[in-house]
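Numbering (this note's numbering), first residue to last: 19 to 293. In this text, a Cβ means the ideal position worked out from N, Cα and C, and glycines have one as well. In this text, all values refer to a predicted model and were calculated from it rather than measured experimentally. Have a look at the structure below, then the notes.
Here is the structure:
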């Protein structure tokens, strides 16, 4: 038996809408974000219709490089003002969705992350790989060769690694890295930093190149003070509602064994694992 009823979850959703004077669209996912989400997302947006403000209640560890740009553009077709509420985690591709908003609402435990989208491993298709990891592998080999006193011996040691790097795959991964930079810059230039294009370029470079850990935590203080993103601190009653709603989704999804959920006050769409 679920500890939190559907009615209570919807009441929390309505409470946030009332406090934020917005329409709330929830997308909670524990599987990689990809284009599979677009049709159900569109259905829920149609149920809302054109409105002044939409808040996306977003929890995701990221996914495909192209999907965030599509999500932001789709949501903006239905509203004049777009905000992202992060209850806990919006990493990688989900961070790209967040920076496409006019503002990002974060609480004490909320996290953004580096922009390092995932791509499927060419052989192990259930495995998603951060695109930066391929570049770091190449950088590692180049560094070892440059530091070596005997490049022939070092090259022979590194050969088994380099031999596994298919040039077609490397090209595809490099394209994904460049695409993530292009998308991130466009999202910032067109939205949050539309009046400061230079700032958009600087923040894009930082978020795509500065951080070495895919799971690095960019909390609300760093997002506001270091990156200069438009961050709204959620505290007090607002944060209580946001965190309670996140826990309600976590409870609901564990009970139903669903990996992704999209919901508005008009109803919930449970998404089977797209993998």
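At what residues does the beta strand (DSSP E) containing residue i begin and finish?
{"i": "residue 45", "result": "41 to 47"}
{"i": "residue 282", "result": "278 to 282"}
{"i": "residue 251", "result": "249 to 251"}
Report the rounded CA-to-CA distance for residue i versus residue j, giving the unit in angstroms.
{"i": "residue 87", "j": "residue 110", "result": "13 angstroms"}
{"i": "residue 57", "j": "residue 106", "result": "25 angstroms"}
{"i": "residue 196", "j": "residue 251", "result": "32 angstroms"}
{"i": "residue 293", "j": "residue 37", "result": "Unreliable positioning characterises residue 293 in this predicted model, as indicated by a pLDDT of 42, which lies under 50. The coordinate reading is nonetheless provided below. Going by the C-alpha atoms only, they are around 36 angstroms apart."}
{"i": "residue 97", "j": "residue 91", "result": "10 angstroms"}
{"i": "residue 93", "j": "residue 161", "result": "44 angstroms"}
{"i": "residue 65", "j": "residue 217", "result": "36 angstroms"}
Helix, strand or coil for residue i per DSSP?
{"i": "residue 134", "result": "coil"}
{"i": "residue 235", "result": "coil"}
{"i": "residue 73", "result": "strand"}
{"i": "residue 309", "result": "In the structure displayed, the chain extends from 19 to 293; residue 309 sits before or after that span and is not available."}
{"i": "residue 99", "result": "strand"}
{"i": "residue 210", "result": "coil"}
Can you give me the start and stop residues for the alpha helix (DSSP H) that residue i sits inside?
{"i": "residue 268", "result": "254 to 274"}
{"i": "residue 60", "result": "56 to 66"}
{"i": "residue 124", "result": "Not the alpha helix (DSSP H): residue 124 falls in the beta strand (DSSP E), residues 121 to 124."}
Assign residue i to one of two classes, buried (16 or more other C-beta atoms within 10 Å of its C-beta) or exposed (fewer than that).
{"i": "residue 203", "result": "buried"}
{"i": "residue 32", "result": "exposed"}
{"i": "residue 85", "result": "buried"}
{"i": "residue 70", "result": "exposed"}
{"i": "residue 231", "result": "exposed"}
Determine the contact status of residue i and residue j, defining contact as a CB-CB distance below 8 angstroms.
{"i": "residue 102", "j": "residue 63", "result": "no"}
{"i": "residue 49", "j": "residue 278", "result": "yes"}
{"i": "residue 201", "j": "residue 132", "result": "no"}
{"i": "residue 120", "j": "residue 209", "result": "yes"}
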